[in-house]
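Numbering of the sequence shown is given in the working numbering, commencing with residue -5 and proceeding in unit increments.
Cβ coordinates follow ideal geometry from the N, Cα and C atoms, glycine included.
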Amino acid sequence: GRGDSLDLHNKHPDERWPRQNSLSMKEWDIPYDELKLFEVIGTGRFGTVFRGSWHGAVAVKVLHVLSDDCVPLDTFKHEVATFRKTRHENLVLFMGACMKPPRLAIVTSLCKGMTLYTHIHLRKDKFTANKSVIVAQQISQGMGYLHARGIIHKDLKTKNIFLENGKVVITDFGLFSVTKLCFGNKLVQSVRGDSLGIPAGWLCYLAPELCRALTPHASLHLPFSKATDVYAFGTVWYELLCGEYPFKSQPPEAVIWQVGKGVKQSLANMQASRDIKDILMLCWSYRSAERPDFPHLLSTLQKLPRKRLARSPSHPVHLSRSADS
Ligand code: ATP
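Right, dumping it as structure tokens:
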């Protein structure tokens, strides 16, 4: 067979996987042959996503693997082990992974609907303040759950957030380091070198401490943390409210330089209440320790006064809150 029996013989002595872990890892191992791949949905920096079928409709992200020695299999397995622990309304459903090199793939449920990126930047859909708050609350809920489980997203952005009939579904969490091991070099070079190599709208999610780590000879280990996820959430919040990226149309070098020394996108032209801008400024705090955590963000968002349509301006907004939900 495929070696379904417990494979304890070729384990390395400094085995990272305790026995019951190996057992349960098997449950998530999907043989590549069992997957049906249909059309390509899109290609990202690290992999190609296919619409596929495995006991129903799925999305299959096949990782670009350049050569065998570049396959950080342990890291990949570790990230898969992390992934499988996630069960939350606002997180994409992890179904399994192909873990036999050179075929490394992640199988998740297929997201219907469009990403926030498509809504905001391609379709130019306008999100009202109320709608933005509802979306931000769901993101905070999903992210709060991930952080409570000790998982850092590392790549939170509107391209990785789907909206399915008003429900937020976050994708692509935790997979950054495995792909970075293979492609980190290219990534950093592209940031420092040819501007064209920089994925559009990636830099504006990077906290100051990450921007500062993007030096040509720095180690590839970027200092991701819960606080860098919160910074990225701030950028998502800005996109929802303003319909564009912060530091729009500025060259990457300028963004890296400014953010690295603590410059923030100006909110002077932004039409929003103080409370709403305060959330942005807190998430974008230069010092990571000053950024709020997701439970705190959630309760702040829940306390925001909701504007009601068709209510006379003389009627105080806060009095209408209880009738709102
Ligand atoms: P990056 O590599 O920088 O993260 P990206 O987010 O565009 O860029 P991928 O995450 O590889 O790249 O996704 C490629 C495409 O597949 C995107 O259009 C994405 O919206 C889509 N996609 C990813 N996961 C799913 C899913 N579970 N269901 C439906 N579509 C998905």
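DSSP-derived helix/strand/coil call for residue i
{"i": "residue 218", "result": "coil"}
{"i": "residue 97", "result": "strand"}
{"i": "residue 149", "result": "coil"}
{"i": "residue 57", "result": "strand"}
{"i": "residue 175", "result": "Low confidence applies to residue 175: its pLDDT is 45, below 50, so where it sits in the model is not reliable enough to give any reading."}
{"i": "residue 79", "result": "coil"}
{"i": "residue 116", "result": "helix"}
{"i": "residue 29", "result": "coil"}
{"i": "residue -1", "result": "Low confidence applies here, because residue -1 scores a pLDDT of 42, under 50, leaving its location unreliable and the question unanswered by this model."}
{"i": "residue 313", "result": "Low confidence applies here, because residue 313 scores a pLDDT of 40, under 50, leaving its location unreliable and the question unanswered by this model."}
{"i": "residue 181", "result": "Reliability of the predicted coordinates at residue 181 is poor, the pLDDT of 46 falling under 50, and the value obtained from them is presented with this limitation in mind. Here residue 181 sits in helix by DSSP."}
Per DSSP, the bridge partner or partners of residue i
{"i": "residue 198", "result": "Bridge partners of residue 198: none, in fact."}
{"i": "residue 108", "result": "157"}
{"i": "residue 39", "result": "Its beta-bridge partners do not exist; DSSP assigns none."}
{"i": "residue 164", "result": "85 and 155"}
{"i": "residue 206", "result": "For residue 206, which the question treats as bridged, DSSP gives no partner whatsoever."}
{"i": "residue 102", "result": "53 and 88"}
{"i": "residue 34", "result": "44"}
{"i": "residue 23", "result": "91"}
Residue i Cβ short of 7 Å to the ligand ATP heavy atom set
{"i": "residue 324", "result": "An answer regarding residue 324 cannot be provided, because it is not within the stretch -5 to 319 covered by the chain."}
{"i": "residue 39", "result": "yes"}
{"i": "residue 36", "result": "yes"}
{"i": "residue 229", "result": "no"}
{"i": "residue 154", "result": "yes"}
{"i": "residue 86", "result": "yes"}
{"i": "residue 162", "result": "no"}
{"i": "residue 43", "result": "yes"}
{"i": "residue 149", "result": "yes"}
{"i": "residue 109", "result": "yes"}
{"i": "residue 30", "result": "no"}
{"i": "residue 166", "result": "yes"}
{"i": "residue 53", "result": "yes"}
Any chain D beta carbon closer than 8 Å to residue i
{"i": "residue 82", "result": "Absent here is chain D; the protein component of the structure consists of one chain."}
Entirely within the stretch 223 to 305 and at least 4 residues each: give me those alpha helix (DSSP H) ranges in chain order. Within the stretch 223 to 305, the complete alpha helix (DSSP H) runs of at least 4 residues are 246 to 254, 268 to 277 and 288 to 297.
Return the chain-ordered ranges of every beta strand (DSSP E) run that is complete within the stretch 118 to 142 and spans a minimum of 3 residues. Runs found: none.
Is the stretch 193 to 204 touching the stretch 77 to 94 in the sense that three or more CB pairs, one from each, lie closer than 8 Å? No: the two stretches stay apart, fewer than three of their Cβ pairs being nearer than 8 Å.
For the stretch 88 to 106 against the stretch 121 to 129, do three or more pairs of beta-carbon atoms, one drawn from each stretch, fall closer than 8 Å, so that the two count as touching? As far as the Cβ criterion goes, the stretch 88 to 106 does not touch the stretch 121 to 129, which means the pair count is below three.
Can we say the stretch 139 to 156 touches the stretch 218 to 227, given the rule of at least three CB pairs closer than 8 Å? Flag = yes, the stretch 139 to 156 and the stretch 218 to 227 touch.
I'd like to know if the stretch 260 to 277 and the stretch 149 to 166 are in contact, where contact means that at least 3 CB-CB pairs between them fall below 8 Å. As far as the Cβ criterion goes, the stretch 260 to 277 does not touch the stretch 149 to 166, which means the pair count is below three.
Would you call the stretch 278 to 288 in contact with the stretch 133 to 143, where contact means no fewer than 3 C-beta pairs closer than 8 Å? The stretch 278 to 288 is in contact with the stretch 133 to 143.
Touching or not, the stretch 108 to 118 and the stretch 52 to 60, by the rule of three or more beta carbon pairs under 8 Å? Verdict: no, contact absent.
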